[in-house]
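Residue numbers (my numbering): 75 to 320.
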């Protein structure tokens, strides 16, 4: 398990550095953002709605819409893919999988890689999800902290879904580039198809960004479906890894 932690630590450092930096590009600038949107409102209102600039004056709406609904939210599938795409494909590509299999049972190899990467993903998403709460407390902003829990459900499950799919591709393919590109292409295709009304359910971004959370709360049905699909992908990945010729 030590090897898995060493393999993933650089990714974690870069992700945290980039995302925390991104948070501070907008969190302290609510007044500026409201002013900017107010000036541009006539040309933007047909896209954003009549009350968007007014809603931005509310700290709850501003920080959640800008963080979960725009900045962090858009990166959740990407973070998941980055953490998972090389888990097994790198071992195949470098030929180190033979060394691992000679030392450990395949089941233990799979569980070690799964646990380290999945726990890391959960820690990253949890930590980044509570940034609005931490910042609001430090700056004495009036914030409804229960909103963080609602958005966290969506980003955690959405992240798990894309992590699981990418893990499956990492087991299937013997090169990192194939695992990465296949995951990225699938994300692009499902997101694009999701803009077609009958296929809207395919756009996981709509769920992850929490576009309906303020009106309808957590979408538990969609959450359960993503959890089931993700769990199936993990079990399938394990089965393939056990049977795959090295």
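In this text, a Cβ means the ideal position worked out from N, Cα and C, and glycines have one as well. Given the structure is predicted, the values throughout are model-derived calculations rather than measurements.
Please report the distance separating the alpha-carbon of residue i from that of residue j.
i	j	result
residue 227	residue 296	11 Å
residue 290	residue 284	10 Å
residue 197	residue 185	18 Å
residue 307	residue 238	6 Å
residue 173	residue 181	15 Å
residue 301	residue 294	10 Å
residue 149	residue 157	12 Å
residue 267	residue 176	44 Å
residue 214	residue 258	40 Å
residue 318	residue 270	38 Å
residue 243	residue 109	45 Å
residue 262	residue 146	18 Å
residue 121	residue 144	Its pLDDT being 49, under 50, residue 121 is placed unreliably by the model, and the measurement read from it follows with that caveat. Approximately 15 Å, taken between the alpha carbons.
residue 193	residue 170	23 Å
residue 292	residue 282	11 Å
residue 179	residue 91	36 Å
Does DSSP put residue i in a helix, a strand or coil?
i	result
residue 202	helix
residue 240	helix
residue 320	coil
residue 292	coil
residue 216	coil
residue 197	helix
Apart from the five residues on each side of it in sequence, which residues of its chain come closer than 7 Å, Cβ to Cβ, to residue i?
i	result
residue 207	217, 219, 222
residue 225	138, 142, 203, 284, 287
residue 311	241, 242, 245
residue 304	234, 235, 238
With distances taken Cα to Cα, identify the nearest neighbour of residue i among the options.
i	options	result
residue 97	152, 273, 205, 268	205
residue 200	231, 215, 257	231
residue 273	81, 195, 264	264
residue 313	253, 278, 241	241
residue 247	85, 82, 166, 81	166
residue 298	159, 234, 250, 255	234
residue 89	153, 251, 128, 309	153
residue 245	194, 159, 236	159
residue 151	280, 163, 305	280
residue 155	315, 79, 86, 275	86
residue 209	94, 80, 320	94
residue 80	161, 303, 256, 275	161
residue 168	250, 194, 315, 212	250
residue 316	229, 183, 260	183
Which same chain residues, not among the five before or five after residue i, have their C-beta less than 6 Å away from its C-beta?
i	result
residue 277	265, 268
residue 100	140
residue 136	104, 130
residue 78	186, 187, 190
Near residue i, what residues of its chain come up, given a Cβ to Cβ distance below 8 Å and the 5 sequence neighbours on each side ignored?
i	result
residue 252	163, 243
residue 133	104, 210, 215, 216, 217
residue 275	268, 296
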